[in-house]
Ligand code: URP
Ligand code: ZN
Ligand code: ZN
Ligand code: ZN
């Protein structure tokens, strides 16, 4: 069994910061010992990684990605191969992607298609949620099978009528089923029926530019849907996880539910923390690069998101990585913002952007690791295998240089997309080395991984509710 020692670094988890050496045996963390002690000094190893002056952190867990997902008349540009390689470059060693049920199709069929897309192609480990696009008697029954197979979370949409949309009756039924089988309902909370009316009116009035995407997807319609989702989950007796929360009033709905003691959880994404409607309003169709749903909000909303992350009103930051090239994909919506494929690239940038939030004082170092590693692992039944550095955990470890400077650019990123939503942004902190189950994937800024190293992860149920 190969042995690696990572020594001299500051080991940061969601709960601790200790100057410790880490012994990796095979694919797992075998031991931690205070740096400089006789115990650590006695370890022999095949490989020694000097982390002096660096952070030693768990690999990131990105619980919301869409690799090669067909959407908006095209397909997300990252494959499982390119997307997981980019994830590794950015210090993320686990992704949870969304398998899609087609309307009229089974969950089994959708899930098997996603197993086939990912199998043998991933650079880091991966798991699946299931998108329920057609809630009916047979798909409800299939939910039980999926939970027992390790696909323990299900995304429903109050948005996108005619595509992924479920009505309140379908939502209630799926929640009741999840309440019984231990599954976790993930909700895209926007009132899609009302949004479609506003889209039609905007286009009829000649308001076709990307910025109107943000205009029609009103804060009130995110807040209303969030409130409705909470009440339906309460009636069903099921836990609820609200994805990609962007509006201050939606955070308030989640906070109010949690204050009542309801098992309601919230996720936000870096784009809502760092970008705003100013980006959507960039001239010359540039705003299309920032079209996603829920939409970017006016900058004033960001403080509520940061506060929510600090106060545990929001638990997780995922990327909702759903990249579409500007050329040929985002351009499908020239002259009609509703035809711009929805989604932003970001799987490579999340750990760095959240470290920048540490540098800027929005969150502590431990909260960084909590919202990016530990909480998503717990939320989706992967902890402590993933999300921490502790004896027995998978040796998914990042050596992170907190003082390195970098500038984000599409010229240097590794995602298969022709622009960056953060082009030119200066960051302090950079991933140096990444291990996935003890195997180097990034070695001092060089990719040494391989497609097919990444393994499929069957998951347990949500660990915040048991
Ligand atoms: O704009 C987004 N978020 N695209 C991906 C699909 C979704 O709703 O998460
Ligand atoms: Zn040492
Ligand atoms: Zn969504
Ligand atoms: Zn998504």
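Numbering (UniProt numbering), first residue to last: 1 to 466. Beta carbons: idealized from backbone N, C-alpha and C, even for Gly.
Ligand 4 heavy atom lying under 7 Å from the CB of residue i
| i | result |
| --- | --- |
| residue 64 | yes |
| residue 320 | yes |
beta-carbon residue i near ligand 3 non-hydrogen atom, thresh 7 Å
| i | result |
| --- | --- |
| residue 245 | no |
| residue 475 | Because the chain here runs from 1 to 466, residue 475 falls outside it and cannot be looked at. |
Any non-hydrogen atom of ligand 1 closer than 7 Å to residue i Cβ
| i | result |
| --- | --- |
| residue 342 | yes |
| residue 188 | yes |
| residue 292 | yes |
Close Cβ partners of residue i (< 8 Å) along its chain, the five nearest in sequence each way excluded
| i | result |
| --- | --- |
| residue 73 | 332, 339 and 341 |
| residue 390 | 13, 29, 32 and 384 |
| residue 49 | 4, 5, 6, 7, 399 and 433 |
| residue 195 | 159, 216, 217, 218 and 221 |
| residue 161 | 192, 193 and 196 |
| residue 138 | 106 |
| residue 17 | 10, 11, 365 and 366 |
Beta-carbon contacts of residue i that lie in its chain and below 6 Å, excluding the five residues immediately before and after
| i | result |
| --- | --- |
| residue 244 | 269, 294 and 320 |
| residue 219 | 247 and 249 |
| residue 459 | 127, 150, 152, 380, 381 and 382 |
| residue 448 | 440 |
| residue 39 | 33 |
| residue 292 | 342, 343 and 344 |
| residue 122 | 80, 84 and 454 |
| residue 69 | 76 |
| residue 165 | 157 and 192 |
| residue 322 | 66, 76 and 343 |
| residue 407 | 426 |
| residue 467 | There is no way to answer for residue 467, as the model of the chain reaches only from 1 to 466. |
| residue 264 | 230, 240, 254, 257 and 258 |
Close beta carbons around residue i, own chain, < 7 Å, minus the five adjacent residues each side
| i | result |
| --- | --- |
| residue 200 | none |
| residue 313 | 251, 254, 255, 258 and 266 |
| residue 334 | 285 |
| residue 377 | 61, 383, 386 and 387 |
| residue 208 | 335, 336 and 337 |
| residue 289 | 326, 330, 419 and 421 |
| residue 348 | 86, 87, 89, 90, 413, 414 and 415 |
| residue 469 | Because the chain spans 1 through 466 in this model, residue 469 falls outside it and cannot be assessed. |
| residue 45 | 3, 4 and 5 |
| residue 1 | 25 and 26 |
Near ligand 6: residue i beta-carbon under 7 Å from a heavy atom
| i | result |
| --- | --- |
| residue 447 | As presented, the structure is devoid of ligand 6, carrying ligand 1, ligand 2, ligand 3 and ligand 4 as its sole ligands. |
Inset, instruction - Decide if the region 22-37 is in contact with the region 334-344; the criterion is three or more beta carbon pairs, one per stretch, under 8 Å apart. - result: no
Legend entry - Three CB pairs or more closer than 8 Å across the region 142-156 and the region 179-189: yes
Inset, instruction - Would you check if there are 3 or more beta carbon pairs closer than 8 Å linking the region 431-439 to the region 95-114? - result: no
Legend entry - Sequence ranges, alpha helix (DSSP H) only - wholly within the region 340-400, length at least 4: 350-359, 365-369 and 375-379
Legend entry - Three or more C-beta pairs below 8 Å linking the region 299-307 and the region 231-241: no
Legend entry - Length at least 4, wholly inside the region 31-55: the alpha helix (DSSP H) runs in chain order: 38-41
Inset, instruction - Could you tell me whether the region 411-427 touches the region 15-23, where touching means 3 or more Cβ pairs closer than 8 Å? - result: no
Legend entry - Validate contact between the region 224-238 and the region 278-289 using beta carbons, cut 8 Å, 3 pairs: no
Inset, instruction - Could you tell me whether the region 129-140 touches the region 87-94, using the rule of 3 or more Cβ pairs below 8 Å? - result: no
Legend entry - beta strand (DSSP E) segments (min. 3 residues) lying fully within the region 188-235: none
Inset, instruction - Enumerate, from N- to C-terminal direction, the unbroken beta strand (DSSP E) stretches of 3 or more residues contained entirely within the region 105-146. - result: 125-131
Legend entry - Uninterrupted alpha helix (DSSP H) stretches inside the region 232-306 (no shorter than 4 residues): 248-259, 270-274 and 277-280
Inset, instruction - Go through the region 412-456 residue by residue and report every complete run of the beta strand (DSSP E) that reaches 3 residues or more, in order. - result: 426-436 and 439-443
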